[in-house]
Amino acid sequence: MELRDRVVVITGASSGFGELIARRAALQGARLALVARSAEKLERLAAELGGPDRAFVVPTDVTSENAVASMGQRILEHYGRVDVLLNNAGFGVLDRLVDAKLTDLQAMVDVNLYGVLRCTNVFLPHMLARRAGQIVNMASMAGMMANPNMGFYTTTKHALVGLSRSLMIELMGTGVHCALICPGVAQTGFQARAGREKFSRISRLSSCTPEQVADATMRAMQRRTHGEIYVPWYNRLLALIGYPIPGLTRFVIRNVG
């Protein structure tokens, strides 16, 4: 099932997973709304994807409630509807808790959690009124199991997992779906910026490529998935072990690294 003529809003569309997914969705004929802070990067991407008729650019800072409200209004006026919201905008600062700065946590919460809530609150009422649509939240295996040097980032992703699971229950029977994407550590600029040495060996073993994440997200949108997607698939086993048995996670990290 392709995405032809379905309206897909992608936050964090200027780079990383967002850009890659936008390119793949465009190939399937989706009508895109590209959201990120960098207008220049979005305009360049949109030009490659077919211009404003197929890729509508809406530069937005998801930490601003007013900016997000304006973004939603512009997209709905431009396309008339939204079929999929991909909450992909996010970032992480990795450090030991003793060295971490609370300002970093506040900034991550504002984007990784509140940004998702702001965007969802703009489009969800529209989807519920139509009894059709899908919210896709880009989380992380960090939301399923603890890792050293990732305390603040893990906090935001655990919150996003809880939010998404609650949303899945609330949306049952409404015609609106919610998918949660949980990739392992991906080989992107995020890993390079954070420093490979800050990731535990077990987190590196659960790593994936950006292409795997894009493929899984595309399938979730095509199938209107209502549930959790792990990338790669065997990370579901790590989640089943690490989430309910945190002591086992500590044992593995202590002995494997």
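Start counting the sequence shown at 120; every next residue gets the next number (our numbering). C-beta: ideal position from N, C-alpha, C; glycine also. Keep in mind it's a predicted model, so treat the numbers as computed, not measured.
Between the C-alpha atoms of residue i and residue j, what's the straight-line distance to the nearest angstrom?
i           : j           : result
residue 262 : residue 155 : 23 Å
residue 136 : residue 240 : 23 Å
residue 358 : residue 187 : 32 Å
residue 128 : residue 151 : 6 Å
residue 272 : residue 153 : 25 Å
residue 225 : residue 163 : 31 Å
residue 333 : residue 143 : 8 Å
residue 177 : residue 121 : 24 Å
residue 214 : residue 264 : 16 Å
residue 146 : residue 174 : 12 Å
residue 352 : residue 289 : 26 Å
residue 250 : residue 243 : 10 Å
residue 276 : residue 169 : 34 Å
residue 189 : residue 299 : 26 Å
residue 181 : residue 356 : 33 Å
residue 157 : residue 141 : 15 Å
residue 216 : residue 266 : 11 Å
What residue range does the beta strand (DSSP E) around residue i cover?
i           : result
residue 130 : 126-130
residue 289 : Looking at the DSSP string, residue 289 is not in any beta strand (DSSP E); the run it does join, the alpha helix (DSSP H), is 270-289.
residue 353 : Looking at the DSSP string, residue 353 is not in any beta strand (DSSP E), and its letter there is neither H nor E.
residue 208 : Premise fails: residue 208 is in no beta strand (DSSP E) and is neither H nor E.
residue 227 : Premise fails: residue 227 lies in the alpha helix (DSSP H), 221-227, not in any beta strand (DSSP E).
Hey, out of the options, whose CA is closest to residue i's CA?
i           : options            : result
residue 218 : 172, 270, 208, 247 : 270
residue 274 : 327, 258, 289      : 258
residue 196 : 346, 126, 290      : 126
residue 211 : 343, 220, 193      : 220
residue 230 : 348, 189, 279      : 279
One question on the structure: do residue i and residue j come within less than 8 Å of each other, judged by their Cβ atoms?
i           : j           : result
residue 283 : residue 256 : yes
residue 302 : residue 235 : no
residue 160 : residue 183 : no
residue 232 : residue 295 : no
residue 339 : residue 326 : no
residue 252 : residue 201 : yes
residue 130 : residue 297 : no
What is the residue span of the alpha helix (DSSP H) that residue i lies within?
i           : result
residue 235 : 233-249
residue 329 : 329-341
Scan the region 145-194 and note each continuous beta strand (DSSP E) run of 3 residues or more that stays entirely inside, going in chain order. Runs found: 150-155, 174-178.
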